[in-house]
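Structure, as structure tokens:
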Amino acid sequence: MTMSPRTRWRYAVNNVMLTLTALCTISTISILFFILGYLVVNGISSFDLAFFTQLPKAPGESGGGMANAIIGSALMVGLASLIGIPVGFLGGIYLAEYDGGWFSNAVRYAADLLNGIPSIVLGIVAWNLLVVPMKSFSAWAGGVALSLILIPIIVRSTEQFLRAVPNSLREGALALGANKATTTLTVIVPAARRGILTGIILGVARIAGETAPLLFTSLNNQFWTTSLGQPTASLPVMIFTHAISPYDDWHRQAWAAGLVLLTIVLLANITARFVVSRNVG
Amino acid sequence: MRHFTIELEELKTKLLQMGGMVEAAVHRSVRAVVERDVELAKKVREGEGAINTMEMEIDELATKLLVLQQPVARDLRFLTSVLKINTDLERMGDLANNLASRAQSLSKLPALKLDIDIPHMSSLVESMLLKSLDAFLRADADLAQDVLMSDDEVDRIRGEAYGEIVAHMQANPSDVQAGVEMIFVVRNLERIGDHATNMAEDVIYMAKGVDVRHHAKTSV
Amino acid sequence: MRSVNLNFFYSQFQALHDINLEIESNKITALIGPSGCGKSTFLRTLNRINETIRGANYTGEILLDGVSVLSQDVTSLRRRVGMVFQKSNPFPKSIFDNIAYGPKVNGMTAKADLEVTVERSLRRSALWEEVKDKLQKPASALSGGQQQRLCIARAMAVEPEVLLLDEPCSALDPIATLKIEELLFSIKDSTTIVIVTHNMQQAARVADKTGFFMLGKLVEFDRTETIFKNPSKKETEDYVTGRFG
Numbered sequence: 002m003t004m005s006p007r008t009r010w011r012y013a014v015n016n017v018m019l020t021l022t023a024l025c026t027i028s029t030i031s032i033l034f035f036i037l038g039y040l041v042v043n044g045i046s047s048f049d050l051a052f053f054t055q056l057p058k059a060p061g062e063s064g065g066g067m068a069n070a071i072i073g074s075a076l077m078v079g080l081a082s083l084i085g086i087p088v089g090f091l092g093g094i095y096l097a098e099y100d101g102g103w104f105s106n107a108v109r110y111a112a113d114l115l116n117g118i119p120s121i122v123l124g125i126v127a128w129n130l131l132v133v134p135m136k137s138f139s140a141w142a143g144g145v146a147l148s149l150i151l152i153p154i155i156v157r158s159t160e161q162f163l164r165a166v167p168n169s170l171r172e173g174a175l176a177l178g179a180n181k182a183t184t185t186l187t188v189i190v191p192a193a194r195r196g197i198l199t200g201i202i203l204g205v206a207r208i209a210g211e212t213a214p215l216l217f218t219s220l221n222n223q224f225w226t227t228s229l230g231q232p233t234a235s236l237p238v239m240i241f242t243h244a245i246s247p248y249d250d251w252h253r254q255a256w257a258a259g260l261v262l263l264t265i266v267l268l269a270n271i272t273a274r275f276v277v278s279r280n281v282g
Numbered sequence: 052m053r054h055f056t057i058e059l060e061e062l063k064t065k066l067l068q069m070g071g072m073v074e075a076a077v078h079r080s081v082r083a084v085v086e087r088d089v090e091l092a093k094k095v096r097e098g099e100g101a102i103n104t105m106e107m108e109i110d111e112l113a114t115k116l117l118v119l120q121q122p123v124a125r126d127l128r129f130l131t132s133v134l135k136i137n138t139d140l141e142r143m144g145d146l147a148n149n150l151a152s153r154a155q156s157l158s159k160l161p162a163l164k165l166d167i168d169i170p171h172m173s174s175l176v177e178s179m180l181l182k183s184l185d186a187f188l189r190a191d192a193d194l195a196q197d198v199l200m201s202d203d204e205v206d207r208i209r210g211e212a213y214g215e216i217v218a219h220m221q222a223n224p225s226d227v228q229a230g231v232e233m234i235f236v237v238r239n240l241e242r243i244g245d246h247a248t249n250m251a252e253d254v255i256y257m258a259k260g261v262d263v264r265h266h267a268k269t270s271v
Numbered sequence: 308m309r310s311v312n313l314n315f316f317y318s319q320f321q322a323l324h325d326i327n328l329e330i331e332s333n334k335i336t337a338l339i340g341p342s343g344c345g346k347s348t349f350l351r352t353l354n355r356i357n358e359t360i361r362g363a364n365y366t367g368e369i370l371l372d373g374v375s376v377l378s379q380d381v382t383s384l385r386r387r388v389g390m391v392f393q394k395s396n397p398f399p400k401s402i403f404d405n406i407a408y409g410p411k412v413n414g415m416t417a418k419a420d421l422e423v424t425v426e427r428s429l430r431r432s433a434l435w436e437e438v439k440d441k442l443q444k445p446a447s448a449l450s451g452g453q454q455q456r457l458c459i460a461r462a463m464a465v466e467p468e469v470l471l472l473d474e475p476c477s478a479l480d481p482i483a484t485l486k487i488e489e490l491l492f493s494i495k496d497s498t499t500i501v502i503v504t505h506n507m508q509q510a511a512r513v514a515d516k517t518g519f520f521m522l523g524k525l526v527e528f529d530r531t532e533t534i535f536k537n538p539s540k541k542e543t544e545d546y547v548t549g550r551f552g
């Protein structure tokens, strides 16, 4: 088959573009795999049972773990979730279902702004609000700082997914004599539940990796935390302090902690994907 | 213009063509009777086939449009009226044919000395047919109403003619055969008038959606 | 049900002008007209579902059994005046829960009562035989036509006095459409039905009375046979014979 010059030109352009996009894709995922591989290579040597069960050792001593930081992170993320999920969820419902003009717009704008504020600024706020009056760094302060990041994320994602529910479902429920609240809780939220859940999982995964706000609020702790009012260790801060230390042992521990954190975030993302793609009516 | 509208126009033209053919047949057959013109009578009888063919064509087209277009309102009334008028016209064609055969029979018999005005009656009937067709063409209910009036006059003339012919036959038994033929002539003319009346009633329904048959009082 | 001098506005835009229309009990009333003529808007004022749109307001009166619709509690009004929408909108729940939804929000709690109601509604909607073995399956597993009949069954489960249908068959094939029309015939002995349709043959087939809307006005309202055989207004005639616009 002979091709006209025009057709041949089109084929040529097509091939060039295809190659370009393929190259971009490959470079993107290769960076990701490079980081993953680097973390595994450097962290795997300290990645043992002790890492999950023991306290950090003093500089110079080898071995030890970050059990206190794992528990501390779980504690503060849990605290942030307890505050952030209900507030964010209900706020999202308000914005999506009870759109009331200027006030809703102001709230929505504020949430977007809050999403864009560097997390360290939110750390300072929590420090001012809690650390200063309580005269101590604490898990409380860390949890609150993280919740400040979590709330706007959940507000906006909940709102988006609720808005994506077809209006015909709202009208369908209203037409059966359901009131607004019943309609929202029994039809609209269930219809959007997978999306809402995904937003929550991704939000929680995001705050699990936050470092900056915790530096001002929960600080760090080389030992077990026995009360929420104490300074508390967390994985991100632990990574930070170990990585900037001059000790090789600590560096290896930091790599291992990075690997654990990345695994947690990855699992959360995969779970979110799984939730979204599950085919339930 | 919509395709359907074009086809409706086509149907209307065909029906008017058929009306023209029937009109000519009626006119010629009456002349054949009055002028004892055997040749003209023959022509009328030869033309019957064309009228029958036309009737079938119109039926087919109208039925097709009913099925395919599922017409409503004035289109529906137009199509149902066309179907009925079509039948009336074909019947008038048959009656003209019948008149022509009476003309052939009468030409073999001695002429009757009668005081009945066949030309007047026939011109009345022909004008009813003409008016009905005109009223159909223009969807003119008032003109159609005129036709209904004329029918009474035709019926009256027929009544008188019957009496006259019967009296003549009683007085001149040798003319009985011709007299019977004449009764058929009058009868056929009157029947043509009846069909013209039916047509006029259909036109009124078509134009106004009002049923005036059998002194119906309900509007549709 | 009756509307008196009803005017309806979306903010500044007047969508309905002075509509006076008497909907006869236990009859099927069809509303036809070109897109944007106000027929759906009118339908949606009858159960006040239009109120969910911001800027909606009206003057005039709608009466149900002689009592003003506008001054009634809106949820109890909607229990009496049910609605089925253009696009079937089954809730993302099981077939059973879809039908039981209306009775539940209206206070029916006993499982046995709900089961009886669900079966009765599905039987009335001629859907029972098709779904009785999969009541716990999600409603989204049904075909388009079945989903729409499910929505009718769902509306019927609260036993409304009036059922409003907004182009219920516009997305359905002819067989599914006929099933819905048969369904309307079978429920009209106990329910007043108002149906908005773009399909004039459908209006002609199912409706006892038909109203023709144009540019927000009710142009003509008469027996369906009259509308399609001998309408009195030229606009109606032009519309039903396809000479519109």
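These protein sequences, in sequence, are chains Z, B and R. Read in order, the letters of the first sequence are residues 2 to 282 in our numbering. Read in order, the letters of the second sequence are residues 52 to 271 in our numbering. Read in order, the letters of the third sequence are residues 308 to 552 in our numbering. For glycine and all other residues, C-beta sits at the position ideal for the given N, C-alpha and C. Treat the numbers as computed from the prediction; the structure is a model and nothing was measured.
Problem set entry | Every unbroken alpha helix (DSSP H) within the region 95-154 of chain Z, with a cutoff of 4 residues, ordered by chain | 103-117 and 120-127
Exercise. Under the three-state reduction of DSSP, which class applies to B/M107: helix, strand or coil?
Worked result: helix
For this session: Please report how far the alpha carbon of R/T543 lies from the alpha carbon of R/V526, in whole angstroms.
Result: 7 Å
Exercise. For Z/E98, which residues of its own chain have a beta-carbon under 6 Å away from its beta-carbon, when the five flanking residues on both sides are left out?
Worked result: T185
Problem set entry | Buried/exposed call for B/D253, threshold 16 Cβ in 10 Å | buried
For this session: Leaving out five residues on either side along the sequence, give the residues of the same chain with a beta carbon under 7 Å from the beta carbon of B/R209.
Result: V237 and E241
Exercise. Quick one: what's got a C-beta closer than 6 Å to Z/D289's C-beta in the same chain, skipping five residues either side?
Worked result: This structure gives no information on residue 289 of chain Z, because the portion of chain Z shown stretches from 2 to 282.
Exercise. Under 8 Å between C-beta atoms, does B/G210 make it to chain R?
Worked result: no
For this session: Check the Cβ-Cβ distances between Z/S169 and every residue of chain D, and say whether any is below 8 Å.
Result: No chain D appears in the structure shown, which is made up of the protein chains Z, B and R.
For this session: Give me whichever residues DSSP pairs with R/P445 in a beta bridge.
Result: R/S401
Problem set entry | is_contact[R/F519, chain B] using C-beta, thresh 8 Å | no
Exercise. Would you say B/V123 reaches chain R, if we count a Cβ-Cβ gap shorter than 8 Å as a contact?
Worked result: yes
Exercise. What did DSSP end up calling B/V271 once you bin it into helix, strand or coil?
Worked result: Note that B/V271 has pLDDT 37, beneath the 50 cutoff, so the model's placement of it is unreliable and the number below is only indicative. In this structure, B/V271 counts as coil in the three-state DSSP scheme.
Problem set entry | Other residues of its chain near R/A511: CB distance less than 7 Å, five sequence neighbours each side excluded | T531 and F535
Exercise. By how many angstroms is the C-alpha of R/P410 removed from the C-alpha of R/R461?
Worked result: 9 Å
For this session: Hey, could you find the ends of the beta strand (DSSP E) R/I459 is sitting in?
Result: No beta strand (DSSP E) holds R/I459; the alpha helix (DSSP H) holding it covers G451 to M463.
Exercise. Does any residue of chain R bring its CB to less than 8 Å from the CB of B/D253?
Worked result: no
Problem set entry | Limits of the alpha helix (DSSP H) - the one that B/L219 falls within | A small correction: the amino acid at residue 219 of chain B is His; Leu does not occupy that position in the sequence shown. A192 to A222 is the span of the alpha helix (DSSP H), which, as asked, contains B/H219.
Exercise. For Z/V14, is the classification buried or exposed, using 16 other Cβ atoms within 10 angstroms of its Cβ as the cut-off for buried?
Worked result: exposed
For this session: Could you tell me the boundaries of the alpha helix (DSSP H) in which R/E527 lies?
Result: Note, R/E527: premise wrong, no alpha helix (DSSP H); beta strand (DSSP E) at K524 to R530.
Exercise. Excluding five sequence neighbours on each side, which residues of the same chain lie with their C-beta closer than 6 Å to the C-beta of R/V425?
Worked result: F403, I406 and A407
Exercise. Three or more beta-carbon pairs under 8 Å between the region 160-176 of chain B and the region 120-139 of chain B, yes or no?
Worked result: no
Problem set entry | For R/N314 and B/S178, the rounded distance between their alpha carbons | 55 Å
Problem set entry | Contact under 8 Å by Cβ, R/N396 with R/V465 | no
Exercise. Near Z/I240, what residues of its chain come up, given a Cβ to Cβ distance below 6 Å and the 5 sequence neighbours on each side ignored?
Worked result: A255, A258 and G259
Exercise. How would you call Z/T226, buried or exposed, if buried means at least 16 neighbouring beta carbons within 10 angstroms?
Worked result: buried
Exercise. Tell me, which residues are paired with R/F315 by DSSP?
Worked result: R/L323 and R/Y365
Problem set entry | Backbone CA spacing between B/L116 and B/L59 [nearest angstrom] | 8 Å
Problem set entry | the region 353-362 of chain R touching the region 425-436 of chain R, judged by at least three CB pairs closer than 8 Å | no
Exercise. Helix, strand or coil: which one does DSSP assign to R/G549?
Worked result: coil
Problem set entry | C-alpha gap between Z/P57 and Z/S278, whole angstroms | 40 Å
Exercise. Is it true that the CB of Z/A165 sits closer than 8 Å to the CB of Z/A193?
Worked result: yes
Problem set entry | Chain-ordered neighbours of B/D126 on chain R, where CB pairs are closer than 7 Å | T548
Exercise. For R/A511, which of helix, strand or coil comes out of DSSP?
Worked result: helix
Exercise. Rounded to the nearest angstrom, how far is the Cβ of Z/P237 from that of Z/L123, given a contact under 8 Å?
Worked result: With 8 Å as the limit, Z/P237 and Z/L123 do not qualify as a contact, their Cβ atoms being about 14 Å apart.
For this session: Could you have a look at R/A337 and say whether DSSP puts it in helix, strand or coil?
Result: strand
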